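Participant:
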Amino acid sequence: MKRILLVLLCASTLRAENPNILFCISDDQSFPHAGAYGTTWVKTPSFDRVAREGILFTRAYTPNAKCAPSRSIIITGRNSWQLEAAANHIPDFPAKFKSFVEALGENGYRTGMTGKGWAPGNAQGRQLTGRAYGKRKAKPPARNMSSNDYAANFKDFIGQDEGKGVPWCFWYGAHEPHRGYEFKSGTKVGGKKPSDIDRVPAFWPDNETIRHDMLDYAFEIEHFDHHLGRILALLEERGQLDNTLVIVTADNGMPFPRVKGQTYELSNHLPLAIMWKAGIEVRGRVVDDYVSFADFAPTLIEAAGLDWMACGMSPTPGRSLFDIFASKRAGRVNPARDHVLIGKERHDLGRPHDGGYPVRGIVKEGMLYLLNYKTDRWPAGNPETGYMNTDGSPTKTHILDNRSNPVEARYWDLNFGKKGPEELYDLAKDPACVNNLALNPEKAPVRKALREQMMAELKAEGDPRVAGDGAIFDRYPYAQKNMRGYYERLQAGEKIRAGWISQSDIEPAPLD
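Residue numbering for the sequence shown follows this note's numbering, starting at 998 and increasing by one per position.
#1: If you compare alpha carbons, which of Val1243, Pro1442, Glu1179, Gly1156 is closest to Trp1273?
#2: Between Ile1071 and Phe1293, how many whole angstroms is the CB-CB distance? I'm expecting something under 8 Å.
#3: Under the assumption that Asp1210 contacts Thr1392 (Cβ atoms under 8 Å), give the Cβ distance between them as a whole number of angstroms.
#4: Applying the criterion that 16 or more other CB atoms from any shown protein chain within 10 Å of the CB defines a buried residue, is Ile980 buried or exposed?
#5: Apart from the five residues on each side of it in sequence, which residues of its chain come closer than 8 Å, Cβ to Cβ, to Ile1087?
#6: Classify Leu1434 as helix, strand or coil using the three-state DSSP reduction.
#7: By DSSP, does Met1211 sit in helix, in strand, or in coil?
#8: Return the Cβ separation of Gly1383 and Ile1498 in integer angstroms, given the expectation that the two are a contact with Cβ distance under 8 Å.
#9: In whole angstroms, give me the CA-to-CA distance for Ala1468 and Arg1176.
#10: Where Leu1006 and Trp1305 are concerned, what is the direct C-alpha to C-alpha distance, given to the nearest angstrom?
#11: With a threshold of 16 other CB atoms inside 10 Å of the CB of Ala1033, please say whether the residue is buried or exposed.
#12: May I have the straight-line CA-CA distance separating Val1047 from Ala1120, to the nearest angstrom?
#13: Got a sec, what are the start and stop residues for the alpha helix (DSSP H) Trp1512 sits in?
#14: So, Gly1276 versus Asn1331, is the Cβ gap smaller than 9 Å?
#15: Going residue by residue through the segment 1039-1125, where are the continuous alpha helix (DSSP H) segments of at least 4 residues, counting only ones entirely within it?
#16: Given Lys1325, which residues of its chain have a CB within under 7 Å of its CB, disregarding the five upstream and five downstream residues?
#17: Could you check if Ala1515 is buried or exposed, using at least 16 other CB atoms within 10 Å of its CB as the buried criterion?
#18: Report the three-state DSSP secondary structure of Ala1275 (helix, strand or coil).
#19: Taking the CB atoms as reference points, tell me whether Phe1216 and Ser1182 lie closer together than 9 Å.
#20: If I measure Cβ to Cβ from Leu1003 and keep anything under 7 Å in the same chain, skipping five residues before and after, which residues do I get?
#21: In whole angstroms, what separates the C-alpha of Thr1372 from that of Asp1471?
#22: Hey, out of Thr1313, Arg1357, Ser1289, Trp1168, whose CA is closest to Gly1112's CA?
#23: Evaluate Asp1248 with the Cβ neighbour count: other Cβ atoms within 10 Å of its Cβ, from every protein chain shown; 16 or more gives buried, anything less gives exposed.
#24: Cα-Cα, which of Arg1123, Gly1188, Arg1282 is closest to Ala1092?
#25: Tell me which same chain residues have a C-beta within less than 7 Å of the C-beta of Lys1440, skipping the five on either side of it?
#26: Would you report the Cα separation of Leu1212 and Asp1466, rounded to the nearest angstrom?
#27: Mind listing, in chain order, the continuous alpha helix (DSSP H) runs of no fewer than 4 residues lying wholly within the segment 1359-1401?
#28: I'd like to check one pair, Trp1115 with Gly1340: are the Cβ atoms closer than 9 Å?
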């Protein structure tokens, strides 16, 4: 009975003019890799349109730069350290946490999705991002890309008679630019040139192999953007675009060494553009406020005219973005949005006893502070299992193959070596995060202030890592039984492998 009353209370505020919601998410795309941010070697006219006709955000961060944890944050509005097993990659999604899509579906919205929703892990039979639409297929422009015709599947959803006059929420989750890539597809199919790239990140060597790898990544972003453009055009044809709240972002940074799955600037800092012609006061603005992915769910629940707690959503540290929507200002809009918290627990496989690499961090006013809890562990996973928190790639292989080369050895250390207990970076001067200022006496006051603020907020959010029970995150099992005890089974000689790493990247023994 209590459950029924809550749903009725939540639904009682649903209005006929509530917007449709289109949530568009690429898989592994870093900031600033979109045309609207000035990146010329990635062509994203559809993202650029959303930014031009809505708001372009320059400081949007996921609190956890890995697929499943980041998506868990998006759908619940809670930081990953507040999500029990869902703090980890490949978890059993806890029954106690509701997604914003489920809440909308219980309160008058029709929901659907195509491509990658909440994943990877066990959703326990729930439709966390809506009913799947996936029967439309098309030949992709390059090998290893998804054959999902995302836009055609959205058309199936939007064209259903049952949807007439009913607000809807649709999750467009591309599989691109997740690996693997067809090597040199960016040049052979996409028409790009290695010289198009203005700068290779300072933590990788600058050579043709890595530039081609980056261009292949760019080509896959463009595939995501192409389908976004088709979806926007369909909404415009049907007269629904003006009252559709469109969010375009990514789940975590690019699938390259020292980015995806780590805690640096390119890992957590992501593209974000939001368009809602009927609901955003002044369009075409560039906003520099810090935005966390925990802010998405409260924003969408408010857009639907619903009450967060009455819908059965768990308490959230996230803040609705309606203050920014209603403002006429560009630049910094709300002075209180001056920081975000980030962190991680267990990603992927390959450490003894299924251990993770716990980190907590804060990004505030251009400074990144990181606290590494288990510095005896390998940040990207153990060498003898292939550094499994880094996807297999030409870039990864090149760095590992040249680890003994005196000219390039430092790249192995930056990408795969062990870390000290604290890291501090000035992002304006050092966006690649290669100059650790944590031991600089002049930066001690900044480091101390950031650590104290971070710890106070984590304590208030009930983070078990701060409360002294951080080991609980390593005790949560993988959703898939064949992944449990991977390290021990591999060392015992069992013939098992992971498809996202290259066998040639496995070192015979760890090197300290």
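Idealized CB from N, CA, C, for every residue including glycine. Every value quoted in this text rests on a predicted model; they were computed, and no experiment measured them.
Facilitator: Short version:
#1: Ranked by how close their Cα comes to the Cα of Trp1273, the residues Val1243, Pro1442, Glu1179, Gly1156 have Val1243 in first place.
#2: With 8 Å as the limit, Ile1071 and Phe1293 qualify as a contact, their Cβ atoms being about 5 Å apart.
#3: Sure, about 5 Å apart at Cβ, within 8 Å.
#4: This structure cannot settle anything about residue 980, because the visible part of the chain is limited to 998 through 1509.
#5: Cβ within range, chain order: Ala1065, Pro1117, Gly1118, Asp1345, Tyr1475, Ala1476, Gln1477, Met1480.
#6: DSSP, reduced to helix, strand and coil, places Leu1434 outside both helices and strands of the structure shown, so it counts as coil.
#7: Residue state, collapsed to three classes: helix.
#8: Rounded, the Cβ-Cβ distance is 4 Å, consistent with contact.
#9: Distance from the CA atom of Ala1468 to the CA atom of Arg1176, rounded to whole angstroms, is 31 Å.
#10: Residue placement at Leu1006 is poorly supported in this model, since its pLDDT is 46, which falls under 50; the coordinates are not used for a value here.
#11: Around the beta carbon of Ala1033, a 10 Å sphere encloses 16 or more other beta carbons of the protein chains shown; the residue is thus reported as buried.
#12: Going from the Cα of Val1047 to the Cα of Ala1120 covers about 31 Å.
#13: The first residue shown for the chain is 998 and the last is 1509, placing residue 1512 beyond what the model contains.
#14: Note that the C-beta distance between Gly1276 and Asn1331 is not below 9 Å.
#15: The segment 1039-1125 contains these whole alpha helix (DSSP H) runs: 1042-1049, 1064-1073, 1097-1103.
#16: Result list for Lys1325: Glu1278, Val1279, in chain order.
#17: Residue 1515 cannot be examined here, being either before or after the span of the chain that is shown, 998 to 1509.
#18: Looking at Ala1275 - three-state DSSP - the assignment turns out to be coil, as it is neither helix nor strand.
#19: The Cβ-Cβ distance between Phe1216 and Ser1182 falls below 9 Å.
#20: Confidence is the limiting factor: at Leu1003 the pLDDT is only 43, short of 50, which leaves the residue's position unreliable, though a coordinate-based value still follows. Taken in chain order, the residues that qualify are Ala1307, Gly1309.
#21: If you take the alpha carbons of Thr1372 and Asp1471, they lie about 16 Å apart.
#22: The shortest C-alpha separation from Gly1112 is found at Trp1168.
#23: The residue in question, Asp1248, is buried, as its Cβ has 16 or more Cβ neighbours within 10 Å.
#24: Ranking the options by Cα distance to Ala1092, first place goes to Arg1123.
#25: Leu1421, Leu1434, listed in sequence order.
#26: When rounded, the distance between both Cα atoms is 43 Å.
#27: Runs of the alpha helix (DSSP H) inside the segment 1359-1401: 1391-1398.
#28: No; because the gap between Cβ atoms is not below 9 Å, this pair is not in contact.
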